[in-house]
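Chains as they are written, first to last, in numbering that gives the first Met the number 0: chain A, 0 to 129; chain B, 0 to 530.
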Amino acid sequence: MTIVVGYVPTPEGEAALTQAIAEAKKSNETLLVINSSKGDALVDNRYAQGPDIQSIEERLADQGIQHIIKQPVRGHDAAAEVLDAADENDASLIVIGLRRRSPVGKLIMGSVSQRILLEADCPVLAVKAD
Amino acid sequence: MDVWSSLMDGFATALTPMNLLFAVIGVLLGTAVGVLPGLGPAMTVALLLPVTAALEPTSAFIMFAGIYYGGMFGGSTTSILLNTPGESSSVVTAIEGNKMAKAGRAAQALATAAIGSFIAGTIGTALLAVFAPIVVQFAVSLGAPSYFAIMVLALLAVTAVLGSSRLRGFASLALGLAIGLVGIDSVTGQRRLTFGQPLLVDGLDIVVVAVAIFAVGEALWVAAHLRRTPLHVIPVGRPWMGKKDWGRSWKPWLRGTAFGFPFGALPAGGAEIPTFLSYVTEKRLTKHPEEFGKGAIEGVAGPEAANNAAAAGTMTPLLALGLPTNATAAVMLAAFTSYGIQPGPQLFSSQGPLVWALIASLFIGNFLLLLINLPLAPVWAKLLQLPRPYLYAGILFFATLGAYSVNLQAFDLVILLVLGALGFMMRRFGLPVLPLILGVILGPRIEGQLRKTLQLSAGDPAGLFSEPIAIVVYIIVAIILVWPFIFKLIRRNRPVAAFTGPSEQSARSEAESPAQAGDPTTTTHQKQEKP
Numbered sequence: 000m001t002i003v004v005g006y007v008p009t010p011e012g013e014a015a016l017t018q019a020i021a022e023a024k025k026s027n028e029t030l031l032v033i034n035s036s037k038g039d040a041l042v043d044n045r046y047a048q049g050p051d052i053q054s055i056e057e058r059l060a061d062q063g064i065q066h067i068i069k070q071p072v073r074g075h076d077a078a079a080e081v082l083d084a085a086d087e088n089d090a091s092l093i094v095i096g097l098r099r100r101s102p103v104g105k106l107i108m109g110s111v112s113q114r115i116l117l118e119a120d121c122p123v124l125a126v127k128a129d
Numbered sequence: 000m001d002v003w004s005s006l007m008d009g010f011a012t013a014l015t016p017m018n019l020l021f022a023v024i025g026v027l028l029g030t031a032v033g034v035l036p037g038l039g040p041a042m043t044v045a046l047l048l049p050v051t052a053a054l055e056p057t058s059a060f061i062m063f064a065g066i067y068y069g070g071m072f073g074g075s076t077t078s079i080l081l082n083t084p085g086e087s088s089s090v091v092t093a094i095e096g097n098k099m100a101k102a103g104r105a106a107q108a109l110a111t112a113a114i115g116s117f118i119a120g121t122i123g124t125a126l127l128a129v130f131a132p133i134v135v136q137f138a139v140s141l142g143a144p145s146y147f148a149i150m151v152l153a154l155l156a157v158t159a160v161l162g163s164s165r166l167r168g169f170a171s172l173a174l175g176l177a178i179g180l181v182g183i184d185s186v187t188g189q190r191r192l193t194f195g196q197p198l199l200v201d202g203l204d205i206v207v208v209a210v211a212i213f214a215v216g217e218a219l220w221v222a223a224h225l226r227r228t229p230l231h232v233i234p235v236g237r238p239w240m241g242k243k244d245w246g247r248s249w250k251p252w253l254r255g256t257a258f259g260f261p262f263g264a265l266p267a268g269g270a271e272i273p274t275f276l277s278y279v280t281e282k283r284l285t286k287h288p289e290e291f292g293k294g295a296i297e298g299v300a301g302p303e304a305a306n307n308a309a310a311a312g313t314m315t316p317l318l319a320l321g322l323p324t325n326a327t328a329a330v331m332l333a334a335f336t337s338y339g340i341q342p343g344p345q346l347f348s349s350q351g352p353l354v355w356a357l358i359a360s361l362f363i364g365n366f367l368l369l370l371i372n373l374p375l376a377p378v379w380a381k382l383l384q385l386p387r388p389y390l391y392a393g394i395l396f397f398a399t400l401g402a403y404s405v406n407l408q409a410f411d412l413v414i415l416l417v418l419g420a421l422g423f424m425m426r427r428f429g430l431p432v433l434p435l436i437l438g439v440i441l442g443p444r445i446e447g448q449l450r451k452t453l454q455l456s457a458g459d460p461a462g463l464f465s466e467p468i469a470i471v472v473y474i475i476v477a478i479i480l481v482w483p484f485i486f487k488l489i490r491r492n493r494p495v496a497a498f499t500g501p502s503e504q505s506a507r508s509e510a511e512s513p514a515q516a517g518d519p520t521t522t523t524h525q526k527q528e529k530p
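In structure tokens:
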């Protein structure tokens with residue numbers, strides 16, 4: 000069984016990762032870290048670069064957690080990537096970070112978290128940044 | 000002084016609130032397209048041509064000039080912060096600029112680029128104001144044969160000197176000249192390349208051609224390569240420079256200006272070659288050779304000054320001779336024609352107020368660009384987060400609207416799509432776009448001069464050589480065309496140990512071997528001379 004965590008280099012993403020590490024330790028499962036981008040802009044600050052990924056890799060290795068880090072750039076949005084990964088690996092849990100959004104903001108921009116919550120086939124753990 | 004009073008009149012025109020507003024719009028748009036890789040000032044001016052048809056020509060050209068200069072400023076921001084050149088003229092800036100940014104000196108790199116661009120642009124524009132009238136005085140004495148020769152030189156030089164492959168360049172030029180031929184022959188009234196299609200009789204509208212090749216072609220190309228691994232912009236505060244940076248920057252700025260202006264003014268000069276020359280020079284002259292390759296400020300200051308001075312240089316032949324030397328100038332020449340203004344040496348006398356207002360607006364635009372670029376460069380970099388589907392959807396919308404609005408003919412949309420596909424294929428197979436655009440725009444004008452010459456000489460080709468200037472230009476043309484072959488011959492005759500493979504060496508006769516002793520020095524010299 001696998002725990003899937005949707006990671007972005009923001010406080011919410013860090014909170015999700017920390018929580019996911021704790022969960023993975025508890026149940027001794029493989030942790031699958033997903034950090035994706037649609038790849039249609041030249042610059043995407045939510046797509047982690049080399050050094051960030053390396054430090055996560057080290058952190059996970061230090062804690063002795065079996066892990067896979069994936070950074071798909073296939074033109075799908077983040078929700079689709081996380082849900083795909085959960086389906087493929089028969090995930091037992093999805094961990095995501097939530098950020099504060101006003102109702103209007105959500106109306107215009109949509110919500111990745113909402114899509115994951117509604118469409119996932121497994122339990123979803125949503126955490127907030129401290 | 001005549002120049003001085005004309006220039007002051009120009010300032011008076013350019014500083015009216017309306018024209019100032021267009022200058023601001025121009026520099027903002029120009030910086031934006033400069034920052035975004037793939038979008039350039041040529042495409043922007045082409046897209047805006049139909050939109051500005053209702054404006055005063057003076058206002059429109061003030062805006063176009065702002066876009067042109069803005070593009071040169073904006074390109075450096077992307078080069079430095081992302082290591083992706085925003086414009087072809089800031090490729091060299093990326094070499095040292097991005098290294099500086101990675102070493103935490105992005106603020107200084109941006110500052111030296113912006114201030115250097117401002118200084119070079121101002122000096123370049125001043126040189127333009129001084130030299131353009133002199134060139135005009137010389138140019139009015141030229142007859143049709145000399146004009147024909149100079150235009151041939153411009154076309155061949157752009158095709159042969161720029162770009163990686165001469166064959167591709169000439170293929171592109173041939174395409175452009177063919178597109179320029181479509182329509183009625185001006186002398187005999189014969190239909191050419193119309194394929195029995197009555198709508199083609201008037202020729203292809205230059206706006207449609209330019210928009211198709213630049214905007215539609217680029218949009219299709221980006222759509223075909225949409226997804227790429229996203230990058231991060233290197234975070235930076237407000238650009239600033241310390242005393243030491245000023246000390247190390249001012250000489251490269253001036254040297255870059257000295258390289259940029261003449262190269263911009265030459266046919267086929269463009270902004271790429273002087274940036275490279277400036278970089279090589281700074282690398283050789285620097286007191287900090289150890290920093291080159293790790294982020295030397297001279298390597299940013301020189302090339303950035305060079306490309307802005309080149310932009311000013313490009314305006315000289317455009318205004319004085321009606322001769323464009325790069326894509327943006329070519330589209331601006333098309334803009335003159337679409338306003339019914341005859342470009343050429345008469346421009347200064349027939350459209351004096353417009354030309355001087357344009358030159359004055361270059362000074363103003365330069366200053367505005369310094370104001371909006373120096374504190375705001377990091378903000379401009381945020382544009383790079385824009386998802387490109389939205390951006391290119393907007394460009395295609397504008398392109399379609401513009402192409403349709405020129406003649407209100409649905410047929411133009413078909414041409415737009417066909418030529419857009421051509422633009423895409425050219426990018427796919429590595430054909431440079433510039434020779435095509437110059438061919439389309441200069442083709443009919445060059446033909447006019449040729450026809451005039453031959454009519455004057457009653458069809459005798461000897462009439463082409465009837466002016467001394469023409470003969471000198473033809474000699475230069477011959478040198479440009481033959482030079483690569485001579486160069487190859489020289490190389491082949493000198494046994495160059497470093498470059499030849501073992502098979503070639505063994506094929507060489509024993510008699511040549513004594514010469515090899517002195518060879519390594521010649522090799523290094525050649526390398527240095529040819530960047």
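C-beta: ideal position from N, C-alpha, C; glycine also.
Here the C-alpha atom of LEU203/B lies approximately 55 Å from the C-alpha atom of GLY12/A. Chain B places no beta carbon closer than 7 Å to that of VAL126/A, leaving this residue out of the contacts. Under the three-pair Cβ rule at 8 Å, the region 418–426 of chain B counts as touching the region 201–216 of chain B. Given a length threshold of 4 residues, each whole run of the alpha helix (DSSP H) inside the region 86–142 of chain B is given here in chain order: 90–101 and 105–138. In this chain, the beta strand (DSSP E) harbouring VAL4/A covers 1–5. A distance of 7 Å or more separates the beta carbons of PRO8/A and ALA60/A. Excluding its 5 nearest sequence neighbours in each direction, LEU430/B has C-beta neighbours in its own chain below 7 Å: ARG167, ALA170 and SER171, listed in chain order. THR83/B sits close to PRO36/B, with the two beta carbons spaced by under 7 Å.
As summarised for the region 60–93 of chain A, the continuous beta strand (DSSP E) elements at least 3 residues long and confined to that stretch are 66–69, given in chain order.
Between THR256/B and ILE122/B, the CB-CB gap stays under 7 Å. A straight-line Cα-Cα distance of about 12 Å links LEU19/B and ALA64/B. Listed along chain B, the residues sitting closer than 8 Å to GLY38/A by beta-carbon distance are LEU225, ARG226, ARG227, THR228 and PRO229. For THR228/B, no beta strand (DSSP E) segment is defined, and its DSSP state is neither H nor E.
A check of alpha carbon separations from GLY236/B across LYS293/B, TRP245/B, LEU375/B and PRO273/B identifies LEU375/B as the nearest. LEU97/A and VAL126/A have their C-alpha atoms spaced approximately 6 Å apart. Using a Cβ-Cβ distance cut-off of 8 Å, the region 27–47 of chain B and the region 115–123 of chain A are not in contact, since fewer than three pairs of beta carbons, one from each stretch, lie closer than that value.
Interface criterion not met: the Cβ of VAL2/B is under 7 Å from no Cβ in chain A. Residues of the region 83–106 of chain A with a C-beta less than 9 Å from any C-beta of chain B: none at all.
Per DSSP, VAL50/B is not a residue of any beta strand (DSSP E); the alpha helix (DSSP H) it occupies stretches across 40–50.
Residue contact check for LEU383/B against chain A: a CB pair falls below 7 Å.
Nearest in C-alpha terms to ALA13/B, of all of HIS231/B, ILE363/B and PRO144/B, is ILE363/B. If you look at LEU418/B, you'll find it in the alpha helix (DSSP H) that goes 409–427. Taking each of VAL413/B, TYR338/B, GLY120/B and HIS224/B in turn and checking the Cα distance to ASP39/A, the smallest one comes out for HIS224/B.
Interface with chain A (7 Å Cβ-Cβ cutoff): PRO386/B is included. Only LEU81 and THR83 from the region 78–91 of chain B bring a Cβ to less than 8 Å from some Cβ of chain A.
Residues LYS37 of the same chain have their beta carbon placed closer than 6 Å to that of GLY74/A, with the five preceding and five following residues left out of the count. Boundaries of the alpha helix (DSSP H) around VAL210/B: 205–210.
According to the DSSP secondary-structure assignment, THR29/A is paired through a beta bridge with THR1/A. In the DSSP assignment, the residues bridged to GLY182/B are ARG191/B. With a 10 Å radius around the Cβ and a threshold of 16 neighbouring Cβ atoms, PRO467/B comes out exposed.
Going by beta carbons, ALA131/B and ALA319/B fall inside the 7 Å limit. Considering only beta carbons, the part of the region 66–85 of chain A lying closer than 9 Å to chain B consists of GLN70, VAL72, ARG73 and GLY74, in chain order. Ranked by Cα distance from PRO323/B, the options LEU38/B, LEU155/B, ASN365/B and SER248/B are led by LEU155/B. Between GLY298/B and GLU281/B a beta carbon distance of about 6 Å is seen, short of the 8 Å cut, so the two are scored as contacting.
In this structure ASP244/B touches GLN107/B by the C-beta definition: roughly 5 Å separates them, less than 8 Å.
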